[in-house]
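Read the structure below first, then the notes.
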Amino acid sequence: MRKLWHKYIDLLEQDLCAKVFDNVKNLLVCALLFAAGTSALHSEKAIFVGLLGTQVAGAGLILISALLMFLNVTDGLRRVASRRYHKVLLLAVWAFYLIVAVRMVQLVWGFRAD
258 MRKLWHKYID LLEQDLCAKV FDNVKNLLVC ALLFAAGTSA LHSEKAIFVG
308 LLGTQVAGAG LILISALLMF LNVTDGLRRV ASRRYHKVLL LAVWAFYLIV
358 AVRMVQLVWG FRAD
């Protein structure tokens, strides 16, 4: 148990907390962009001084959020894979990370304004 505690302290000294919060913040921004894009798809208002339709803007926001989400998830999985642990543990952490990322997008999408 003591060895595990020291490993945890070492991770905290390597800015684990800041990296985790940055990753979660990035996931939330992507989820909010995705929710805004889907809301724009359902809207009939002209945006950008009438120069751009909501369908184009909504699709653009969804595309941007998907690309940013892909970059964020890929970076998170790469960081997890760089650790020297057993392969089963890495697969479990990968699955947990992907489930949390997808669920976060679903939650924010559920809260979007109609």
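Take the position in the sequence shown, starting the count at 1, then add 257; the result is the number in our numbering.
Each residue gets a CB set at the ideal place from its N, CA and C atoms; glycine is no exception.
From a predicted model like this one, the values you see are computed outputs, not experimental measurements.
Asked	Found
For residue 260 and residue 286, I'd like the C-alpha separation in whole angstroms.	36 Å
Among 361, 350, 363, which has the Cα closest to the Cα of residue 373?	Beyond the ends of the chain as shown, which are 258 and 371, falls residue 373; an answer cannot be given.
To which residues of the same chain is residue 289 closer than 7 Å at the C-beta, ignoring the five residues directly before and after it?	365
Can you list, in chain order, the stretches of the alpha helix (DSSP H) that have 4 or more residues and sit fully within the segment 261-342?	273-298, 311-338
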